[in-house]
Structures are given as structure tokens and as C-alpha cells.
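All remarks here apply to the structure that follows.
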Amino acid sequence: MIRHRAAPRAKQRGFLYVVTGANGTGKTLNTLKWVRERQLKENRPVAYNGRFDMVEGGELASWKKIDAKDWQSEPDGTIFLIDEAHNDFPTRGAGTPPDHVAKLAEHRKRGFDFYLITQHPNNIDAFVRRLVGSPGWHRHLKRNFGRDMVSVLEWSAVNGTCEKDGSGKSAQVTIQAFPKEVYGWYRSAVLHTGKKTIPRAVYVLAACALLVPALIWYGAHRVMAIGDKAKPDQAQRQAQQQPSAMPVPAAAPPAAGGAAKVLTSAEYADQFRPRIVGLAHTAPAYDQITQPTAAPVPAACVESEKQGCKCYTQQGTPYATTVDICRQVVSSGFFMAFDPKGAPASAAVPVKAVQQPQPALQRVQTPLAYAAPAQSAQAQPQGTQEPLKNTETLTRVGRYPTLGAMGADFNLPPIEQEDVDGQWHPPAGWATGPIAPRTRYSTIGDVVRAFGG
Numbered sequence: 166m167i168r169h170r171a172a173p174r175a176k177q178r179g180f181l182y183v184v185t186g187a188n189g190t191g192k193t194l195n196t197l198k199w200v201r202e203r204q205l206k207e208n209r210p211v212a213y214n215g216r217f218d219m220v221e222g223g224e225l226a227s228w229k230k231i232d233a234k235d236w237q238s239e240p241d242g243t244i245f246l247i248d249e250a251h252n253d254f255p256t257r258g259a260g261t262p263p264d265h266v267a268k269l270a271e272h273r274k275r276g277f278d279f280y281l282i283t284q285h286p287n288n289i290d291a292f293v294r295r296l297v298g299s300p301g302w303h304r305h306l307k308r309n310f311g312r313d314m315v316s317v318l319e320w321s322a323v324n325g326t327c328e329k330d331g332s333g334k335s336a337q338v339t340i341q342a343f344p345k346e347v348y349g350w351y352r353s354a355v356l357h358t359g360k361k362t363i364p365r366a367v368y369v370l371a372a373c374a375l376l377v378p379a380l381i382w383y384g385a386h387r388v389m390a391i392g393d394k395a396k397p398d399q400a401q402r403q404a405q406q407q408p409s410a411m412p413v414p415a416a417a418p419p420a421a422g423g424a425a426k427v428l429t430s431a432e433y434a435d436q437f438r439p440r441i442v443g444l445a446h447t448a449p450a451y452d453q454i455t456q457p458t459a460a461p462v463p464a465a466c467v468e469s470e471k472q473g474c475k476c477y478t479q480q481g482t483p484y485a486t487t488v489d490i491c492r493q494v495v496s497s498g499f500f501m502a503f504d505p506k507g508a509p510a511s512a513a514v515p516v517k518a519v520q521q522p523q524p525a526l527q528r529v530q531t532p533l534a535y536a537a538p539a540q541s542a543q544a545q546p547q548g549t550q551e552p553l554k555n556t557e558t559l560t561r562v563g564r565y566p567t568l569g570a571m572g573a574d575f576n577l578p579p580i581e582q583e584d585v586d587g588q589w590h591p592p593a594g595w596a597t598g599p600i601a602p603r604t605r606y607s608t609i610g611d612v613v614r615a616f617g618g
């Protein structure tokens with residue numbers, strides 16, 4: 166079976182088209198082009214109301230000049246271009262509209278199309294405005310910076326606030342250049358004297374683009390300059406200091422072949438200003454006598470139900486670390502390949518058994534807690550060692566707090582608990598003495614001494 170392709174559907178006839186815009190936006194210029202293109206495509210006659218003069222023998226020579234009020238006398242299918250339509254269809258009061266206005270409601274029967282040009286849609290009769298509907302349209306033209314191009318805002322019905330900012334949000338917007346070839350088709354009664362201007366906002370944006378980087382550079386330069394002034398060069402500070410009982414001399418060391426530079430009162434005072442507020446020894450004056458000679462290590466790590474897991478340095482001060490690392494040290498200890506006091510590392514030597522009696526520990530209220538069994542312990546006779554039964558090291562989280570690896574300085578064996586008779590028995594060689602439940606020790610040193618360290 167042979168199928169015939171349907172012919173392209175012709176544009177529907179019998180509608181109103183409204184073109185608005187301020188003076189100089191190219192309303193007539195663009196409408197002439199739109200009407201001419203449609204005339205050539207649909208082969209229809211065009212009539213206009215004579216508000217501009219055609220060039221004799223030009224592109225629009227076939228167009229007919231008429232009085233807009235006589236539009237009903239033209240043949241069916243005519244396209245009408247009514248320039249300055251507010252003169253032919255002006256606004257009016259309530260009442261019956263004139264015949265040439267009222268008959269527009271029936272123009273579709275004869276296939277008439279009307280292109281009405283005015284500055285604002287509210288300048289023409291409301292009866293006419295209400296006749297505009299799809300596929301007819303209302304196009305409002307806005308010129309861009311005085312250049313030969315416009316933004317075309319299109320609605321399917323008349324928009325009474327087309328000139329307002331933001332009106333394009335509800336419109337179909339396109340950008341069109343002026344059809345310069347149309348200038349040769351007619352002589353307009355209005356000269357195109359629109360001056361190309363650039364909005365103030367463009368100048369402001371351009372100025373910001375230049376000023377913002379400049380201000381950033383200036384601000385950074387000032388901050389660096391202030392920092393350099395507040396903190397002299399490290400080499401210069403060292404040159405001004407001499408290793409002596411008095412760290413900062415009143416005069417800087419002399420340069421080669423020159424005299425010593427005497428410090429001003431402000432420079433001298435700056436040497437004693439701490440870098441960290443509240444820590445006087447961080448002042449530049451003490452740099453040569455505060456060089457590190459030891460490194461902090463987690464010498465002791467303790468885990469308990471209430472206190473959690475905490476580590477302490479070899480000086481008994483808190484050691485900042487993570488809970489995971491703390492528990493790892495508690496569980497397995499760790500190997501130090503260096504001496505935290507600054508000397509080369511040495512192999513750990515087991516602590517020898519201590520045979521002489523040791524005094525019992527003094528109870529004090531401090532953060533470090535080591536819990537013994539639930540019942541109070543009684544001191545065992547000196548030198549008596551009970552057989553260890555059902556022993557367990559103090560590494561069980563939740564029942565006993567944990568004394569972790571104490572470092573190479575201490576090299577302590579694990580603590581064992583005899584729970585047959587509720588008494589706590591240290592292993593051989595450890596100091597003996599009663600340790601009551603929830604006994605607290607003042608420092609890590611007390612803990613070490615308590616266990617024979």
C-alpha cells in the first residue's frame with residue numbers, strides 16, 4: 166500500500182498579535198520582518214495603516230495603505246499591520262464599543278490576522294486586549310544596553326505588567342538582533358537615535374573585579390609586614406643572644422670588624438615575652454637553655470570502669486593519646502627503640518626480687534585508682550608466698566583496673582591475684598603489704614614503688 170505524506174500544516178489564521186516596547190526597541194522594524202516572512206510563506210495580501218512610508222519599488226511595494234477603521238473592506242485572509250494601534254483602538258469608558266472594534270471579535274471568520282504595535286498593551290482598548298490568545302501572542306521588546314539587539318519576551322495572552330523587572334520569568338525569552346536589511350524597506354517617521362549605553366552595574370562589576378584582588382593582596386601584605394615586625398628573624402635573634410647565665414645581653418654580639426649593637430628597651434623586653442601566654446620559658450630569651458633532652462612516652466597506661474583508659478608519661482603527667490592506643494599498650498605494651506631520657510636504648514633487665522620488707526602504701530585521694538578484691542586484704546607474713554591458684558592478671562576490663570606496660574625504666578611483671586581466700590598476694594620479690602579496695606595512689610611513682618619498683 167502506498168502512503169502519501171501529509172502536507173505541512175499551515176499556520177492558523179484569524180488571530181491577534183500585540184507587539185509592545187519602549188521607543189527605540191525596534192518594534193516596527195521587527196514586526197515588518199515577521200509580517201513579510203509570513204506573507205511570503207502563505208502568499209497573502211498585507212494592509213497597513215500608513216504610519217510609515219514604503220520605499221517605492223522596494224520590498225514592501227505590494228502592501229496596501231488603508232484607514233484602520235475600514236479593515237472590514239479588505240479581502241478575506243488579509244494580514245493587517247497597525248502601527249501605533251493606540252490611535253486606532255484607544256482606551257475608552259464603559260459602553261458599547263465602536264463597530265470597527267466590536268467586529269474584531271468576528272474577524273476569524275474571514276481569516277484576518279492583526280499585528281498591533283504600541284508602547285504598552287494598556288494603551289489600547291481592553292476589549293481588543295481580551296481577544297488575544299494562543300496561537301496569537303503578546304511580544305514585549307527590551308533593548309540590551311542600547312545595542313542593536315533586543316530581548317523578546319513572549320506570552321500567549323496580553324501581560325499588563327510586561328515592562329516590570331522579573332516579567333520574563335513567566336515568558337518565553339529569546340535574543341534577536343535588529344534585522345538591518347529592513348532599514349531599506351521603509352522610511353520611519355521616528356529616527357533611530359538610541360544611544361548605545363552600558364549600564365552602571367557593568368561598571369560596578371568591572372571595578373569589583375579589579376579592586377577585590379588588589380584589596381586581598383594589600384591585606385595579605387599588611388599581615389605579613391606586621392608578622393615580620395612582631396617576630397624578628399630567627400637568625401637575628403640568635404645573633405643577639407649569648408650563652409651565659411644571663412640569656413640576653415644588653416648588646417648584640419659585634420659583627421666582624423664592627424662594634425656590638427646595643428638593644429633598645431623594646432627589643433630587650435621582646436626577648437622575655439613568652440610565645441605561649443602563661444609559659445614564661447617559651448620566651449626567646451631562653452631558647453638556648455630549653456632545648457629538648459627527653460621525649461614523652463606512655464610510661465604507664467591504666468584502664469578502669471569509671472576513669473576509662475588513660476596513659477601517663479615517665480614524669481607522671483597525663484599523656485595525650487587515643488583510647489585504642491591506650492588499650493593496646495595496656496594489653497600488649499610497646500617497644501621503645503630509644504631512651505626517653507635521651508641516651509641510647511638499652512635492653513630491658515628484669516627487676517630482681519626484693520627480699521627486704523617494704524612499708525605499706527599510704528592512701529591518698531587522687532585520680533588514679535587501683536581496685537583490689539571486694540574484701541579488705543590482710544598483710545601476709547613477710548617472706549610467705551602462698552601457692553597461686555586461679556590467678557589472673559589485672560587486664561580484665563570491667564572487673565579490675567589495668568596497669569599497663571610501664572616502659573623500659575620499670576620492666577614490671579604482670580600483677581597476679583589470689584582469689585581463694587580473698588587475699589591479694591603479690592608474686593615473689595614484690596613488696597608485701599595490705600592493699601584495701603579502691604586504694605588510690607598519688608602518682609605513677611607511688612604505683613611503681615608500691616609494686617617493688
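Under the numbering used here, the first residue of the sequence shown is numbered 166, with each subsequent residue one higher.
Cβ coordinates follow ideal geometry from the N, Cα and C atoms, glycine included.
For residue i, which residues from the same chain have a beta carbon less than 6 Å from its beta carbon, with the 5 sequence-adjacent residues on both sides left out?
i      : result
Thr447 : Pro439, Arg440 and Ile441
Pro262 : Phe292
Trp236 : Phe245
Ala460 : Pro505
Ser299 : Ser321
Trp228 : Val211 and Tyr213
Thr455 : His446
Leu375 : none
Tell me whether the beta-carbon of residue i lies closer than 8 Å to the beta-carbon of residue j.
i      : j      : result
Phe279 : Leu181 : yes
Cys476 : Tyr484 : yes
Ala250 : Leu281 : yes
His285 : Glu328 : yes
Lys198 : Val347 : yes
Cys491 : Glu468 : yes
Thr193 : Phe217 : yes
Gln436 : Ala450 : yes
Asn195 : Pro344 : yes
Glu207 : Lys234 : no
Quick check on residue i: does DSSP put it in helix, strand or coil?
i      : result
Thr196 : helix
Ser497 : helix
Cys476 : strand
Gly223 : coil
Glu249 : coil
Val183 : strand
Ser633 : Summary: the structure shown does not reach residue 633, with the chain confined to residues 166 through 618, and so no result is reported for it.
Cys466 : strand
Trp350 : coil
Val211 : strand
Ala371 : helix
Ala259 : coil
Ala485 : coil
Val427 : strand
Ile340 : strand
Lys176 : coil
Lys229 : strand
Asp235 : helix
How far does the alpha helix (DSSP H) with residue i in it reach, from first residue to last?
i      : result
Ala434 : Ser430 to Asp435
Arg294 : Ala291 to Arg294
Val442 : Segment: none, Val442 is in no alpha helix (DSSP H) and carries neither H nor E.
Val317 : Note, Val317: premise wrong, no alpha helix (DSSP H); beta strand (DSSP E) at Met314 to Trp320.
Asp264 : Asp264 to Ala267
Can you list, in chain order, the residues of its chain with a C-beta nearer than 7 Å to that of residue i? Leave out the 5 residues immediately preceding and following it.
i      : result
Ala178 : Per the sequence shown, residue 178 should be read as Arg rather than Ala. Excluding sequence neighbours, Arg178 sits near Gly242, Gly276 and Asp278.
Val266 : Phe254, Asp290, Phe292 and Val293
Trp302 : Tyr182, Glu319, Trp320 and Ser321
Lys230 : Tyr213 and Gly215
Ser332 : Leu318, Asn324 and Thr326
Arg561 : No answer about Arg561 holds up, because its pLDDT of 31 lies below 50 and its placement is not dependable.
Asp313 : Ala342 and Phe343
Identify, in the order they occur along the chain, each residue of the same chain with its Cβ nearer than 8 Å to the Cβ of residue i, setting aside the five sequence neighbours on each side.
i      : result
Leu296 : Leu181, Leu269 and Ala270
Gly628 : Coverage of the chain is limited to positions 166 through 618, which leaves residue 628 absent and any answer about it impossible.
In the DSSP assignment, find the beta strand (DSSP E) that holds residue i and state where it starts and stops.
i      : result
Ala502 : First-last for Ala502: undefined, no H or E at that position.
His303 : Trp302 to Arg308
Ile282 : Asp278 to Ile282
At a cut-off of 7 Å, would you count residue i as near the ligand HEM, judging by its Cβ distance to the nearest heavy atom?
i      : result
Gly325 : The model on display carries no ligand, and the ligand HEM is accordingly not part of it.
Could you confirm whether any beta carbon from chain D is found closer than 8 Å to the beta carbon of residue i?
i      : result
Ile244 : No chain D appears in this structure, which consists of one protein chain only.
Notebook entry, point to check: With contact counted as at least three CB pairs below 8 Å, one residue from each stretch, are the segment 293-310 and the segment 208-216 in contact?
Noted result: no
Margin query: Contact between the segment 314-326 and the segment 334-350 is defined here as three or more beta-carbon pairs at a separation below 8 Å; is this criterion met?
Written below: Short answer: they touch.
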